[in-house]
Amino acid sequence: MEKDRGRNAASSGREGSDRLTLDDLQMDSLYNTYRYKGLPKGPISNPGLEAIKAALNPEDSPFVFYLSDKSGKIHYAKTFEEHKLNKAKYIR
């Protein structure tokens, strides 16, 4: 998955920056999704009430995929093909 939230859960309690380091990528933790493929061994957080309500009652939208570029701007896509184009354009 290569998601930083899992890495953050793996290093919880450790002081330091939120910036990803080489040590983070090599950390031996089942929450380190850079090292272990698939989902982490368990939850990394609990959703708040607003998040649960939003999941149960989503707004209508044609978009299924999203990613953020290096500046933090979000790019949405309706199809996986569009998403792959966004990934090639904004991430690579």
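Start counting the sequence shown at 513; every next residue gets the next number (our numbering).
We put the beta carbon where it would ideally sit given N, CA and C, even for glycine.
- For lysine 590, the CB contacts under 7 Å within the same chain, skipping 5 residues up- and downstream, are Pro574, Phe575 and Val576 in chain order.
- Within the same chain, Cβ atoms closer than 6 Å to the Cβ of histidine 595 are found at Phe577 and Ala589, the five residues on either side in sequence being excluded.
- Under the three-state reduction of DSSP, tyrosine 543 is assigned to coil, being neither helix nor strand.
- Secondary structure of isoleucine 586 (DSSP, three-state): strand.
- By the beta-carbon neighbour count (other beta carbons within 10 angstroms, threshold 16), asparagine 544 is buried.
- Within the model, the alpha-carbon separation for histidine 587 versus alanine 563 is close to 21 Å.
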